[in-house]
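Visitor:
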Ligand code: GLU
């Protein structure tokens, strides 16, 4: 069997062994698709069955999360933690609370996280967790009771040297607070390094909140700079309006770009004079509101649009920062027709495989999630460093560290792509670099 057949057979095996998990199949296919030149160069990876091993999580935990809502009704959710790979460090990755969460979604996210974390250059393995709990419309007390129940099972599986969860969709500083409080109470240990994304007053790191969005913009800047270009004066569209989107917008504006649209699950805001980040933060972070309120409060002719795609808005740079598979083949066609120069994935796997293929064929600069959004988890690793040394770094120093990490991620993807004769192919560069570091560590450990 040649490399392609081997990878094809493995893909089929993954589909068979993990039925009804389309997002996981998609994430695996995207990585395997890059790896035939690597396997050809490194027969030792194939002999040690490294690909087969990497596609199988080290441990998968599924648990019941019972809690009582404000009306006194008992609610049951399902909790997950997939501890995917610990070759490079303790399992590391966020928790997602969203009704769409199921085992396949957690596995896709955990699988991506292995390579992203490897690419970040930090000593962290890959994992992910979450629940099908829907925080929308829930009171603070309900969120607290849910988080306490969730942690009452999770606590026995995590630890600063074992598994270090953080936030993701539906999990921010408030939830991390409730989770940390319950962990501390159950273990009688103030183990700061067990969770990241903590509040600044109790072990959290400066720039963690901003890191994913800022990092994605640094990455786009590096891709443009490699072609002698920059963000100055460019129209930018950012989907989403959560943590990633807000700080991508902020950094893009600081770097001279003009962000004209952002969205939530109900629709998108088009603001031709540039999104007002302070107002967006007020609505989304302070009031936990919807962006449909933005135009009225902005009073400058901004529109709230529900009958078309945000990707119909003309832009030179597109940053999908909402959720998986949000940017389709049709959206990619529109963006390319409208002259998009660069796309960077702030969310995890936001572009469908067909959309990604079109961008790569069209020569659009394309920064895949594993590289472009690695700034968040990299800064989580910096939070772990600060916790381990009981230190707290300044905003400026932390931001510089993040910037250096993003520049280095860009450089390694760029150079790997060149080395294998695939110049400009960041998808190939990210998958290959991320994979080889994990594979080399696994080889060193023997068959475990
Ligand atoms: N949820 C984020 C991600 O997708 C961050 C995870 C972390 O900080 O551990 O990478």
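In the numbering used here, the protein residues as written are 13 to 460. Note that the Cβ used here is the ideal one computed from N, Cα and C, for glycine as well. The structure presented is a predicted model; accordingly, all values stated were derived computationally and were not measured.
Evaluate residue 323 with the Cβ neighbour count: other Cβ atoms within 10 Å of its Cβ, from every protein chain shown; 16 or more gives buried, anything less gives exposed.
Guide: In the chain shown, the residue the question calls residue 323 occupies position 311. So residue 323 counts as buried.
Visitor: By a C-beta neighbour count over all protein chains shown, 10 Å radius and 16 as the cutoff for buried, is residue 173 buried or exposed?
Guide: Mapped onto the chain shown, residue 173 falls at position 161. When all chains shown are included, residue 173 counts as exposed.
Visitor: In whole angstroms, give me the CA-to-CA distance for residue 351 and residue 345.
Guide: Mapped onto the chain shown, residue 351 falls at position 339. Mapped onto the chain shown, residue 345 falls at position 333. Their backbone Cα atoms lie some 10 Å apart in a straight line.
Visitor: Using C-beta distances below 7 Å, list every residue in its chain close to residue 75, excluding the 5 sequence neighbours before and after it, in chain order.
Guide: Here the question's residue 75 lines up with position 63 in the chain shown. Counting only Cβ-Cβ distances below 7 Å, and skipping sequence neighbours, we find 91, 165.
Visitor: Which word fits residue 25, buried or exposed, when buried means at least 16 other C-beta atoms lie within 10 angstroms of its C-beta?
Guide: Translated into positions along the chain shown, residue 25 becomes position 13. Classification for residue 25: exposed.
Visitor: Does the contact criterion of 3 or more C-beta pairs under 8 Å hold for the region 310 to 320 versus the region 217 to 237?
Guide: No: fewer than three Cβ pairs fall under 8 Å.
Visitor: Determine the direct distance from the alpha carbon of residue 223 to that of residue 162, and round the result to whole angstroms.
Guide: Against the chain shown, residue 162 aligns to sequence position 150. Against the chain shown, residue 223 aligns to sequence position 211. The alpha-carbon atoms of residue 162 and residue 223 are separated by roughly 26 Å.
Visitor: State the beta-bridge partners of residue 104 as determined by DSSP.
Guide: Taking the chain shown and counting its residues from 1, one reaches residue 104 at position 92. Paired residue(s): 176.
Visitor: Below 8 Å, how does it come out for the region 123 to 135 and the region 444 to 451: are there three or more Cβ pairs, yes or no?
Guide: Result yes; three or more Cβ-Cβ pairs closer than 8 Å.
Visitor: Return the bridge partner residues of residue 95 from the DSSP annotation.
Guide: Translated into positions along the chain shown, residue 95 becomes position 83. Its beta-bridge partners are 71, 139.
Visitor: Could you name each continuous beta strand (DSSP E) segment of 3 residues or more that falls completely within the region 166 to 236, going from the start of the chain to the end?
Guide: Here the runs fully enclosed are 175 to 178.
Visitor: How should residue 427 be labelled, buried or exposed, when 16 other C-beta atoms within 10 angstroms of its C-beta is the threshold for buried?
Guide: Counting from 1 along the chain shown, the entry for residue 427 is found at position 415. Label assigned to residue 427: exposed.
Visitor: In its own chain, which residues sit with a C-beta less than 6 Å from the C-beta of residue 437, not counting the 5 before and 5 after it?
Guide: If you number the chain shown from 1, residue 437 lands on position 425. Within the same chain, residue 437 has close Cβ partners 429.
Visitor: Considering only residues of the region 319 to 396, which uninterrupted alpha helix (DSSP H) runs meet the minimum length of 4 residues and lie entirely inside it, listed in chain order?
Guide: Listed in chain order, they are 341 to 349, 365 to 374, 381 to 384.
Visitor: What residues in its chain sit with their C-beta under 7 Å from that of residue 325, if we drop five residues either side in the sequence?
Guide: Residue mapping note: residue 325 aligns to position 313 of the chain shown, counting from 1. Excluding sequence neighbours, residue 325 sits near 249, 272, 273, 282.
Visitor: Measuring only from the beta carbon, is residue 97 closer than 7 Å to any heavy atom that is part of ligand 1?
Guide: Numbered from its first residue, the chain shown carries residue 97 at position 85. No, the beta carbon of residue 97 sits no closer than 7 Å to any heavy atom of ligand 1.
Visitor: Compute the Euclidean distance between the alpha carbons of residue 388 and residue 213, then round it to the nearest angstrom.
Guide: Translated into the one-based positions of the chain shown, residue 388 becomes position 376. Translated into the one-based positions of the chain shown, residue 213 becomes position 201. So the two alpha carbons sit approximately 19 Å from each other.
Visitor: What do you reckon, is the C-beta of residue 130 under 7 Å from a heavy atom of ligand 1?
Guide: Within the chain shown, residue 130 is the residue found at index 118, counting from 1. It does not: the Cβ of residue 130 is nowhere closer than 7 Å to a heavy atom of ligand 1.
Visitor: Under DSSP, the beta strand (DSSP E) around residue 251 begins and ends at which residues?
Guide: Working through the chain shown from its first residue, we reach residue 251 at position 239. Looking at the DSSP string, the run of the beta strand (DSSP E) that includes residue 251 is 247 to 251.
Visitor: Run through the DSSP bridge pairs and tell me what residue 90 is partnered with.
Guide: One-based indexing of the chain shown puts residue 90 at position 78. Per DSSP, 76.
Visitor: Tell me whether residue 21 is buried or exposed, calling it buried when 16 or more other Cβ atoms sit within 10 Å of its Cβ.
Guide: Numbered from 1 along the chain shown, position 9 holds the residue referred to as residue 21. So residue 21 ends up on the exposed side.
Visitor: Rounding to the nearest angstrom, what Cα-Cα distance links residue 358 and residue 378 in this structure?
Guide: By one-based count along the chain shown, residue 358 stands at place 346. By one-based count along the chain shown, residue 378 stands at place 366. Cα-Cα distance, rounded: 12 Å.
Visitor: Mapping DSSP to helix, strand and coil, what is residue 280?
Guide: Here residue 280 refers to the residue found at position 268 of the chain shown. DSSP places residue 280 in strand when its eight states are reduced to three.
Visitor: State the DSSP-derived secondary structure class of residue 242, mapped to helix, strand or coil.
Guide: The sequence position of residue 242 within the chain shown is 230, counting from 1. Residue 242: coil per DSSP, three-state reduction.
Visitor: Cα-Cα, which of 401, 167, 93 is closest to residue 107?
Guide: The count along the chain shown starts at 1 and reaches residue 107 at position 95. Measuring from the Cα of residue 107, the nearest candidate turns out to be 93.
Visitor: At a cut-off of 7 Å, is residue 388 close to ligand 1 when judged by its beta-carbon and the heavy atoms of the ligand?
Guide: What you label residue 388 is simply residue 376 of the chain shown in a count that begins at 1. Yes, the Cβ of residue 388 comes within 7 Å of a heavy atom of ligand 1.
Visitor: What first and last residue would you give for the alpha helix (DSSP H) that runs through residue 459?
Guide: Taking the chain shown and counting its residues from 1, one reaches residue 459 at position 447. Per DSSP, residue 459 belongs to no alpha helix (DSSP H) and is neither H nor E.
Visitor: Which same chain residues, not among the five before or five after residue 243, have their C-beta less than 8 Å away from its C-beta?
Guide: As a position in the chain shown, residue 243 is number 231, starting the count at 1. Contacts found: 229, 232, 233, 236, 264, 267, 268, 269, 329.
Visitor: In whole angstroms, what separates the C-alpha of residue 57 from that of residue 302?
Guide: Taking the first residue of the chain shown as 1, we reach residue 57 at position 45. Taking the first residue of the chain shown as 1, we reach residue 302 at position 290. Approximately 49 Å between the Cα atoms of the pair.
Visitor: Taking DSSP as the reference, what is the three-state secondary structure of residue 57?
Guide: As a first step, residue 57 is located in the chain shown; it is residue number 45 there, counting from the start. Residue 57 falls in the helix class under three-state DSSP.
Visitor: For residue 275, which residues does DSSP report across the bridge?
Guide: As a first step, residue 275 is located in the chain shown; it is residue number 263 there, counting from the start. Looking at the DSSP assignment, residue 275 forms a beta bridge with 280.
Visitor: DSSP on residue 145, reduced to helix/strand/coil?
Guide: The residue labelled residue 145 in the question sits at position 133 within the chain shown. Coil.
Visitor: Examine ligand 1 and report whether any of its heavy atoms sits within less than 7 Å of the Cβ of residue 104.
Guide: For the purposes of this step, residue 104 is identified with residue 92 of the chain shown, where counting begins at 1. At least one heavy atom of ligand 1 is nearer than 7 Å to the Cβ of residue 104, so yes.
Visitor: Quick check: the region 94 to 113 against the region 174 to 190, are at least 3 beta-carbon pairs closer than 8 Å?
Guide: These segments touch.
Visitor: Where does the unbroken alpha helix (DSSP H) through residue 315 begin, and where does it stop?
Guide: Counting from 1 along the chain shown, the entry for residue 315 is found at position 303. Not the alpha helix (DSSP H): residue 315 falls in the beta strand (DSSP E), residues 315 to 317.
Visitor: Exposed or buried, residue 143, counting other C-beta atoms within 10 Å across all chains shown (16 or more means buried)?
Guide: The residue labelled residue 143 in the question sits at position 131 within the chain shown. By the 10 Å Cβ count, residue 143 comes out buried.
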